[in-house]
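Chemist: All the letters of the first sequence, read from the start, carry residue numbers 123 to 752 under the working numbering. Where is the CB? At the ideal position from N, CA and C, for every residue including glycine. Below you'll find the structure I mean.
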Amino acid sequence: MNQSSQTETKRDGSGSIVGTERRGVIHSWSRTLIPTAKDAPSDAEAPSHKLLSRGGFIRRVGAGIYEYLPLGWRVLTKISNIVREEMDAAGGSEFLMPALLPTELLKETGRAEAYGDLLFRFEDRHGRDSYLGPTHEEVITDLMRGTISSYKHLPLNLYQIQTKYRDEFRPRAGLLRCREFLMKDAYSFAMSVEGPGGLNEQYDAMDRAYQRIFERCGLDFTRVEAESGPIGGSASHEFMVNCATGEDTIMVCPKTGYAANVEKCETGPRKHDFAGDPSGELEEVHTPGCPGIEDVSKLMKVKPRNMLKTVVFKVQSTAADLEKFGEEWVLAVVRGDHDVNEGKVRDAAGCPVVLADAEEAKAKGFAIGFVSPRAAVGKKGVLLLVDPDAAQGVDTASGKPMFWVTGADKVDHHVKHFNWVRDLGKDPVEAERAGDKFLMVADIRNAVEGDPSPRAEGVALEAKRGIEVGHIFKLGTKYSEAMGFEILDEKQERRPVIMGCYGIGVSRTMAACVEMIHDENGIVWPAPIAPYHVILVPMTNDAASDVMRVACDLSGRLARAGCDVLVDDRDERPGVKFKDADLIGVPLRIVIGEKALAQGGVEFKVRTDAGKGEVVAVDGVVERCLAMLG
RNA sequence: CGGGGUGUAGCGCAGCUUGGUAGCGCGUUUGACUGGGGGUCAAAAGGUCGCAGGUUCAAAUCCUGUCACCCCGACCA
């Protein structure tokens, strides 16, 4: 086998094994597998799922598991190759790690627990605990600590394109949320954050590479600031394909271009004022079995925006930290129609926090589900954090006293007419003025549409939907410290290596592209990732005909010019071929029929144009294609 | 994990209430006619009705269990 492949290399017409110009492929529809269908499987809902299924790109094997048929694989290969080129250009080296891994690897970072049920775990026949990799930080850190021993080996950036596994509770939307999916993951290693070869430089290089990758793929995308999430680390950006059907919400400042996901998005300054007269006598209401805002809202017929939501956090830190911070609990208060943001609570409190364990909080005297801001007063070591929109004594819209409903601090009860000054247990206006360190007003909620932009005064944030296709993180030393990946620097000091990690959901990108752009006839591929650039539709498949001769000649010329060509040589009626050509979304269609051919022409049509297309001289059509494909 | 739903031919579905010969459309095969946006006619192939028990002379249909899958929610690099 080796021998024959060597021979073939020599037969390559170029006589060289490097630097040859790319030659396109020519495939016949009848000699590949493109099972198009009129009906999508009944479980397909998302447009990308329906169209990729109907077009014969993918086929479902099990929940969240898909076969990539030739058409689908061609698209994935094209995306992968763009990713490869840009990663290599940015200094990355491709390699491959296993997907099947011993769970032992996760011991040092504790991520088997952190991932929980999302991790595909099982025992092999010898009883060894194993898992299928959802990501590979531990694996590569383990590799590197056994391989790299000097700062002279750094900086480095390694990447792989590989199948990943996540045991999603609910896979959905076809390729958009799978249990098995194709992903590119890259990892960078550096000795410093700043300076040449440092993390920041590597991160910026990846940032630029990602922008080029998604531009080259022909995607309309937004780069947003993001929370780094469970992977950990210090800075992070997401690349979102702009698409109204996207699962993720991003916030955009229309003036400055600032963009962030809802979790990360800052808000501009918002005014607050606790002062204001009570809207009425404090009144207790029986709300049995209604700990949630929505239930209470329905039961009491009160709008969520008139309710105060109080969420109990526990400070998560060492005894020494406790001494320093002097607080053990954090009560975060936001308006009922807003969501508390844990990251912002952490930043405002100045220490790590976790959502309190219900039992533990109850033991401390918090009536979980029925807590009010008053619960913070009179207890030792409880910080009261209030979002500006909740810290209002007057309803700014009407000018009337603000009507608040909040918990009654006992199970199954809420109160009406809560007033900050009268009912808190201490005067918040006075407390603020005196610099009370157990009362703070700060932005602690997720941004919503209409919030003031943090970057431009008087400009409101807009909400947009997107599909996350890329994510880059500055990891820092999280993994190298946990796993003892330290090497000597030029001063002979042992230091943990500084890491970054960079992911692209390759299979998700394919689906996101279909979500982003399609029409009632089918998929519309951007040329760089289309499975074929041109589909030739001969109106007869009689091999001896002029039509077929021209089809052969044209496909050869197109391929030599670098176009991937699909020849629809099926014995089907024209209507069927046209419908299928539109469905699979090939950017250019050339119909070769006797009538036009008699005048030396063929019909040239761009996928998104209506009608038959335009008659172009056979001799000029290759150039025309190349011009259109840019 | 909570709520709802579905498993019948490759795909989409009917039949189940009221037990008795397994059906329709698309697709597939053969033949003829056709031939520029999913054609027409004729013939044919293809199903242990998710699986396992039970009731019954008889189960796709009723009962019990089980598995799988989907939708909404919760969760989510």
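Report the option in Val516, Lys522, Gly547, Trp526 whose CA atom is closest to the CA atom of Lys501.
Modeler: Comparing Cα-Cα distances from Lys501 to each of Val516, Lys522, Gly547, Trp526, the minimum goes to Gly547.
Chemist: Can you tell me where the alpha helix (DSSP H) with Gly487 in it begins and where it stops?
Modeler: Looking at the DSSP string, Gly487 is not in any alpha helix (DSSP H), and its letter there is neither H nor E.
Chemist: Just mark Val686 as buried or exposed, buried being the case when its beta carbon has 16 or more other beta carbons within 10 Å.
Modeler: Reading off the sequence, residue 686 comes out as Asp, not Val. Classification for Asp686: buried.
Chemist: Looking at the unbroken beta strand (DSSP E) that takes in Arg711, where does it start and where does it end?
Modeler: Looking at the DSSP string, the run of the beta strand (DSSP E) that includes Arg711 is 710-714.
Chemist: Would the region 224-237 and the region 207-216 be scored as touching if the rule is three or more Cβ pairs under 8 Å?
Modeler: Output reads no: the region 207-216 does not touch the region 224-237.
Chemist: Could you tell me the alpha carbon to alpha carbon distance between Ile148 and Ile283, rounded to whole angstroms?
Modeler: Computed Cα separation, rounded: 26 Å.
Chemist: So which of Val659, Val581, Gly735 has the shortest CA-CA distance to Ser152?
Modeler: Per the Cα distances, Val659.
Chemist: Helix, strand or coil: which one does DSSP assign to Glu416?
Modeler: Helix, per DSSP.
Chemist: In three-state DSSP terms, what is Glu584?
Modeler: Strand, per DSSP.
Chemist: For Leu297, I'd like the list of residues in its chain whose CB is within less than 8 Å of its CB, leaving aside the five on either flank, ordered along the chain.
Modeler: So the list reads Ser170, His171, Leu174, Ile180, Tyr188, Phe303, Ser629, Arg630, Met632, Ala633, once near-sequence residues are dropped.
Chemist: DSSP on Gly458, reduced to helix/strand/coil?
Modeler: Coil.
Chemist: Return the Cβ separation of Leu583 and Ala564 in integer angstroms, given the expectation that the two are a contact with Cβ distance under 8 Å.
Modeler: Not a contact, Cβ separation roughly 18 Å.
Chemist: Between the Cα of Thr285 and the Cα atoms of Pro256, Asp558, Ala381, Glu406, which residue gives the shortest distance?
Modeler: Comparing Cα positions, the closest option is Pro256.
Chemist: If you draw a straight line from the alpha carbon of Glu552 to that of Ala471, how long is it in whole angstroms?
Modeler: Each residue's Cα considered, the two are about 20 Å apart.
Chemist: Comparing alpha-carbon positions, which option in Ala166, Thr730, Glu316, Ile712 lies nearest Val724?
Modeler: Closest option to Val724, Cα to Cα, is Ile712.
Chemist: If the criterion is Cβ atoms closer than 8 Å, does the pair Gly503 and Trp542 meet it?
Modeler: Contact: no.
Chemist: With DSSP as the reference, label Ser629 as helix, strand or coil.
Modeler: Ser629: helix per DSSP, three-state reduction.
Chemist: By the three-class DSSP mapping on this structure, what secondary structure does Arg468 have?
Modeler: DSSP places Arg468 in helix when its eight states are reduced to three.
Chemist: Could you tell me whether any non-hydrogen atom of the ligand FAD is closer than 7 Å to the CB of Ala556?
Modeler: In terms of ligand content, the structure shown is empty, and the ligand FAD therefore cannot be addressed.
Chemist: Could you give the distance in angstroms between the alpha-carbon of Ala348 and the alpha-carbon of Glu590?
Modeler: Looking at the two C-alpha atoms, the distance is approximately 11 Å.
Chemist: Could you give the distance in angstroms between the alpha-carbon of Ser136 and the alpha-carbon of Arg682?
Modeler: Bear in mind that the predicted position of Ser136 carries a pLDDT of just 49, short of 50, making it unreliable; the figure below should be weighed with that in mind. Taking the straight line from one Cα to the other gives about 12 Å.
Chemist: When you compare only the Cα positions, how much space is there between Leu265 and Cys387?
Modeler: Between Leu265 and Cys387, the C-alpha separation is close to 36 Å.
Chemist: Between which two residues does the beta strand (DSSP E) carrying Leu430 extend?
Modeler: Segment 430-437, the beta strand (DSSP E) holding Leu430.
Chemist: Could you say if the region 519-530 and the region 467-482 meet the contact criterion of at least three C-beta pairs nearer than 8 Å?
Modeler: Contact fails: fewer than three Cβ-Cβ distances are below 8 Å.
Chemist: With respect to the alpha helix (DSSP H) encompassing Asn643, which residues constitute its N-terminal and C-terminal limits?
Modeler: Here Asn643 belongs to no alpha helix (DSSP H), and DSSP marks it neither H nor E.
Chemist: Specify the secondary structure class of Glu403 as computed by DSSP and reduced to three states.
Modeler: Three-state DSSP puts Glu403 in coil, outside helix and strand.
Chemist: Are the beta-carbon atoms belonging to Leu193 and Gly177 less than 8 Å from one another?
Modeler: In this structure, Gly177 lies closer than 8 Å to Leu193 by Cβ.
Chemist: What did DSSP end up calling Phe217 once you bin it into helix, strand or coil?
Modeler: Here Phe217 sits in coil by DSSP.
Chemist: In the structure shown, what three-state DSSP assignment does Glu143 receive?
Modeler: It is coil, neither helix nor strand.
Chemist: If the criterion is Cβ atoms closer than 8 Å, does the pair Gly368 and Ile651 meet it?
Modeler: Cβ atoms of Gly368 and Ile651: not closer than 8 Å.
Chemist: Which parts of the region 176-244 are runs of the alpha helix (DSSP H), unbroken and 4 residues or longer, counting only runs that do not cross its ends?
Modeler: 192-211, 233-237, all fully within the region 176-244.
Chemist: Please tell me whether Leu710 and Cys747 are closer than 8 Å, where the distance is taken between their beta carbons.
Modeler: The answer is yes: Cβ separation under 8 Å.
Chemist: In or out: Ala673 buried (at least 16 other Cβ within 10 Å) or exposed?
Modeler: Buried, by the Cβ-count rule.
Chemist: Along the chain, which unbroken stretches of the beta strand (DSSP E) at least 3 residues long are found entirely within the region 675-709?
Modeler: If we require 3 residues or more, the beta strand (DSSP E) runs fully inside the region 675-709 come out as 687-689.
Chemist: Is it buried or exposed for Val154, if we count other Cβ within 10 angstroms and need 16 for buried?
Modeler: In the sequence as presented, Val is not what sits at residue 154; that position holds Thr. Thr154 should be labelled exposed.
Chemist: Three-state secondary structure (DSSP) at Asp264?
Modeler: In this structure, Asp264 counts as helix in the three-state DSSP scheme.
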